[in-house]
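Protein sequences appear in the order of chains A and B. If you're matching positions, the first sequence starts at 1 in the working numbering and goes up one per residue. If you're matching positions, the second sequence starts at 1001 in the working numbering and goes up one per residue. This report concerns only the one structure given below.
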Amino acid sequence: MNRTSTPVDAPAPGAWEELVTAALLGTERRTPPGGTAGREAPVALLDAAALETVRRRAGLRPAPAAERPAPAPDDPRPPLPSAAARRLALLLADRPGTGTGGRRGTAPDLMELLPQWLAAANARGFAPPPQTLPALLDAARGRTDLRPAALTFAGPRATWLARLNPDWRFALRAAPGGGAALPPAEDEEQTRRLWQEGLFAERVALLGALRTREPAAARELLASTWSTERAEDRLMFLDSLRTRLGPEDEPFLEQALADRSRNVRATAAELLSALPDSALAARMAVRACACVAVDRTRETPTITVEAPHECDASMERDGVVPKAPAGRGERSWWFGQLVEAAPLRTWSARLGGRTPREIVALPVADDWQSELHGAWCRAAVRQRDAEWARALLGAPAAPEAGGPGAVSLAERAKLLGTLDAAERAGWVAGFIAAHGLSEAFQLLGVCAVPWAEPLGRAVVDALNIARDAGSYPWSFSGVMGLAERCLDPSEASRLDGLLAIPDEHEDASPGAGGYWAEAFQRLVTTLRLRAAMAQELGAE
Amino acid sequence: MTQQGVRWSAEQVLALAPDAASRKAGSKLGAAGPWSEAGSCDEGTVWGLCKGSGSKPYQTVVDIADATGPAYKCSCPSRKFPCKHALGLLLLWAGEDAAVPAGSPPDWATQWMEGRRKRTEEKRAADASGAASASADPEAARRRAERRAERVTAGATELEQRLADLLRGGLASAEQAGYRLWEETAARMVDAQAPGLAARVRELGAIPGSGPGWPVRLLEECALLHLLDQGWLRREQLPDGLAATVRSRIGLPGTADGPPLRDHWLVLAQYDTADARLTTRRIWLHGADSRRTALLLSYGAAGRAPELALPVGLALDAEVSTYPGGGRQRASLGAQFAPPAPTPVRPPGMTTAEAAAHYGTALRGDPWLNSVPVTLDRVIPTPAGDSWQLADADGDTALPLAPSARSRPGLWRLIALSGGAPVKVFGECGHRGFTPLTAWPDGEGEAVRLC
């Protein structure tokens, strides 16, 4: 309360201060004011102080009000249904670090379900109960992967709240989809002012949002101040052009190739090489083609590679990094960069009109295969070329697909990203059917949720086989965890047969059957819970 | 009363958890998976079998209709109370209707319920006969009370002497003397059977280390302790109410001898404070018809939650009897006529100026009061410097938050709930500032716990 205001009817201003001074020094050194006759000095001091204390407390007045905060913007979305609101409270109560570790038992991992709960709530366009916002922001603060969905769901009031608490400053930086912090699209004046005067975080958010809405306007905004930005900032801003990259961006990017900063140059070159019609892509195509040819003199046509002998200034200007990382030969390093940046359609023309599948099937002379195919993979991902991706992925059941072939699992996962969801799921299902689960984790991670039926079935069958093979379920805990989150809840009934504890084989690991039953129970429980969650949110 | 009407919310259930780990473990069990044969009946019993790590599932049963708050029984070995299975079962019951259908309890649940009822009856009978036996020998009781009063008087006299010595030498020396001086004095007050004095002395020991302005706070508390000593030594000359307040502040046992008041008691807030010895739970109730506010105090050993737990936001049709002293705020919960049920009732509120005046008035009956329960109407949480205040939406005054309330997560729930708009806030208003405990949005909406 307002301790500075003088209580009403104070006997004499400063009397209390004198009492405190006397008490601090002691009555032996300082005689307290207004001593009462017949009482010892310390007792008289206590008498007076007691009276004064109660008087001061009883006379307290409220303080003058400070300036009220501007009200939070309205959230037009409908409120959550009450069952869903209760569920949200439960999910948010399950914060990491509050429990003991150890075996997971049959209970679902609630925190892991938060991402899809948020996605479903966002798809339905519900607004959160305001009192859950602090817990939501704390959850998003701890887990960056949750942030976009959590902040979209949290809505404008969370942005309002984040401005009042430094712990949640990240929410201002990442205001999704042009959150409330950003000026409306039509207000160019305000946009320009925020761009020129805003904090770095606000500017990144502004540029990102504008780029999503109007790519050209964002580029022009960036160009207007480009020469005055610091190198680190230029790099961050340039990165936001990745969104909706198009041929119109070429002149700007071409000019950025001459930037003072090496990182900015490299990023500009990378963006340009993702535009197959750009001049840079054409230059790279010329350089790459000079290195690769088909040798028809052999029994079977074979690709021969002659890697570049030097990295000249023009190559460097186009983003080729001259210094190879430790352990790699310079020439193969340059070669990889050239092929990676050349448009993929170059190769059909260069290699006798063959299709991508035919090209990938050609043998490569002198151990250049992994270098060449690896570069094509990176190019297919960068240029989002599904046909090349398909060719490089090969048939999922092919024997080399499971082993350490030319194309690594990480590259395959990226290649799968260029295919549409159904094709991706089909390929991974074929892979699991042929090679089992031990290599599948990374590939499953890129499949759309919930898993398409063939994929879900392949995973469940493979788990069943793994159980019958007698290993422990925690060898598959990664896939199990994914299945809990990604399997279609309608599959739950098909799992009923797996819940019982099977008879133990002789060669099975001791007790494994019980642990498998437990793991499947958790899977089914989680699927049921996900179905309940979807229902509470009004999904059909 | 229909079963549907009395289901609690997940937050109300989670509030029963003794600690954060139980809360987490309980919420994991709040899904249909591990449960079988779960059910509930209209008498307010919920039961179920929970699959644990062993082969035999745990039998869990909860009586939510009990007058002293929910009672739990679980065959698991956990010493947490309630255990995670009881919490999970209640969450399941609170969440999904289909998972805990209405039905008649299985034998093991019925057995426990009947055993409990019998014990309660026996205890009631024993209490009644105990009261009779106590009054059977009024002469002995009087002698005991006299002996204790003599000891307290000796303690209070000794304490007066120590306070006088302190003031003679100056509070500055107290800073150097450190904590031990106070601990020793507190132990003397325990010997004198004056636990209230002992607790205050112990608190004095923490003040010199409490940051800037400590001399003022130390003098205030010394003076109030002196006032309590003097009140005790001259209790014969005090009016009855004040004498009763002194007795309860000294720590003499009292009985809830006020006439039982039946009302629909809205549970305003429940929170725990803990020190090294004891967990103290405070539950604030508001009578919908009587418009009285009552405080239920209950205790648990250190680290354990007290047994009495009531769900915030629900109302109990129950009788409440007050204790003497302190403006008859403290009460005990008597007979309960129906399980807690949702209610649209909100306590009537006042302005910040009225709240400050209300505290001042209450000091007349109990000058040792640190705060009074208050509901503020239409206030806006407002940043003021590095702290916050609750500012009248329609006036120009505000109550600053108490220092202890500034770092609680509840503050941010309150700010988020308000969003810069007026809210209704129940809390404790005193000389240190305002401590918000529960809030309601301006329009429709349930009570939101802040503590």
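Here a beta-carbon is modelled for each residue, glycine too, at the ideal position from N, C-alpha and C.
Asked, Found
"Are Pro1324/B and Gly1251/B touching if we call contact CB-CB under 7 angstroms?", "no"
"Could you tell me whether any Cβ in chain A is nearer than 7 angstroms to the Cβ of Gly1327/B?", "no"
"Helix, strand or coil for Tyr472/A, going by three-state DSSP, please let me know.", "coil"
"Got a sec: which bits of the segment 1210–1239 of chain B sit with their beta carbon under 7 angstroms from any beta carbon on chain A, in order along the chain?", "Pro1215, Val1216, Leu1219, Glu1220, Cys1222, Ala1223, Leu1224, His1226 and Leu1227"
"Helix, strand or coil for Glu1446/B? Go by DSSP, reduced to three states.", "coil"
"For the segment 1409–1427 of chain B, which residues have a CB atom closer than 7 angstroms to at least one CB atom of chain A, in sequence order?", "Pro1409, Trp1412, Arg1413, Ile1415, Ala1416, Leu1417, Gly1419, Gly1420 and Ala1421"
"For the segment 453–472 of chain A, which residues have a beta carbon sitting closer than 7 angstroms to at least one beta carbon of chain B?", "none"
"Listed from N- to C-terminal order along the chain, which residues in the segment 53–78 of chain A have their beta-carbon within a distance smaller than 7 angstroms of any beta-carbon of chain B?", "Thr53, Val54, Arg57, Ala58, Gly59, Leu60, Arg61, Pro62, Ala63, Pro64, Ala65, Ala66, Arg68, Pro69, Ala70, Pro71 and Ala72"
"For Glu1319/B, does the three-state DSSP call read helix, strand or coil?", "strand"
"Exposed or buried, Asp312/A, counting other C-beta atoms within 10 Å across all chains shown (16 or more means buried)?", "exposed"
"According to the neighbour-count rule (16 or more other Cβ atoms, all chains shown, within 10 Å of its Cβ), is Ala121/A buried or exposed?", "buried"
"Where does Ser1298/B land, buried or exposed, given buried means 16+ other C-beta within 10 angstroms?", "buried"
"Quick one: any contact between the segment 1348–1364 of chain B and the segment 1384–1402 of chain B, if contact means 3 or more CB pairs under 8 angstroms?", "yes"
"Between which two residues does the beta strand (DSSP E) containing Val1267/B stretch?", "Leu1261 to Ala1274"
"Residues of chain A with a CB under 7 angstroms from the CB of Glu1512/B: which are they?", "Nothing can be reported for residue 1512/B, as the shown portion of chain B is limited to 1001 through 1451."
"Mark Trp1093/B as exposed unless 16 or more other C-beta atoms lie within 10 angstroms of its C-beta, in which case mark it buried.", "buried"
"Roughly how many angstroms separate the alpha carbons of Ala397/A and His435/A, rounded to a whole number?", "7 angstroms"
"When you compare the CB of Gln1003/B with every CB in chain A, is at least one pair closer than 7 angstroms?", "Note that Gln1003/B has pLDDT 40, beneath the 50 cutoff, so the model's placement of it is unreliable and the number below is only indicative. Closer than 7 angstroms: no."
"Does DSSP classify Phe1426/B as helix, strand or coil?", "strand"
"Please name the residue or residues paired with Gln1059/B in a DSSP beta bridge.", "Leu1049/B"
"In this structure, what does DSSP give as the bridge partners for Val1372/B?", "Cys1429/B"
"Starting from Ser1040/B, trace the beta strand (DSSP E) in both directions and tell me its first and last residue.", "Trp1035 to Cys1041"
"Output the boundary residues of the alpha helix (DSSP H) element that contains His1286/B.", "Not the alpha helix (DSSP H): His1286/B falls in the beta strand (DSSP E), residues Leu1278 to Gly1287."
"Kindly indicate which three-state DSSP category Gln1389/B falls into: helix, strand or coil?", "strand"
"When the Cα of Arg345/A is compared with those of Glu316/A, Gly336/A, Trp388/A and Val264/A, which residue comes out closest?", "Trp388/A"
"Look up Arg193/A in the DSSP assignment and say whether it is helix, strand or coil.", "helix"
"Within 7 angstroms of any Cβ in chain B, is that where the Cβ of Ala180/A sits?", "Reliability of the predicted coordinates at Ala180/A is poor, the pLDDT of 42 falling under 50, and the value obtained from them is presented with this limitation in mind. For Ala180/A, the answer is no, since every Cβ of chain B falls outside 7 angstroms of its Cβ."
"Quick one: which chain A residues come within Cβ less than 9 angstroms of Asp1394/B?", "Those do not exist, as Asp1394/B stays about 11 angstroms from chain A at its closest Cβ, beyond 9 angstroms."
"For Val1062/B, go through chain D and note every residue whose CB falls closer than 7 angstroms to its CB, in chain order.", "Of the chains in the structure shown, none is chain D; the protein chains are A and B."
"Could you check whether the Cβ of Arg1023/B sits closer than 7 angstroms to any Cβ belonging to chain A?", "yes"
"Can you find the residues in the same chain that come closer than 8 angstroms, C-beta to C-beta, to Arg1321/B, ignoring five residues on each side of it along the sequence?", "The question names Arg, but residue 1321/B in the sequence shown is Ser. Within the same chain, Ser1321/B has close Cβ partners Ala1256, Asp1257, Gly1258, Pro1259, Pro1260, Leu1261, Ala1331, Ser1332 and Gly1334."
"Show which residues of chain B have a CB atom less than 7 angstroms away from the CB atom of Trp160/A.", "Gly1419"
"Output yes or no for whether 7 angstroms exceeds the beta carbon distance between Thr243/A and Thr212/A.", "yes"
"Which residues, in chain order, does the segment 1179–1198 of chain B contribute to contact with chain A at a C-beta distance below 7 angstroms?", "none"
"Return yes when the Cβ of Ala410/A is within less than 7 angstroms of the Cβ of Pro473/A, no when it is not.", "no"
"Which residues bound the alpha helix (DSSP H) around Val377/A?", "The amino acid occupying residue 377/A in the given sequence is Cys; Val does not appear at that position. Note, Cys377/A: alpha helix (DSSP H), Gln369 to Arg382."
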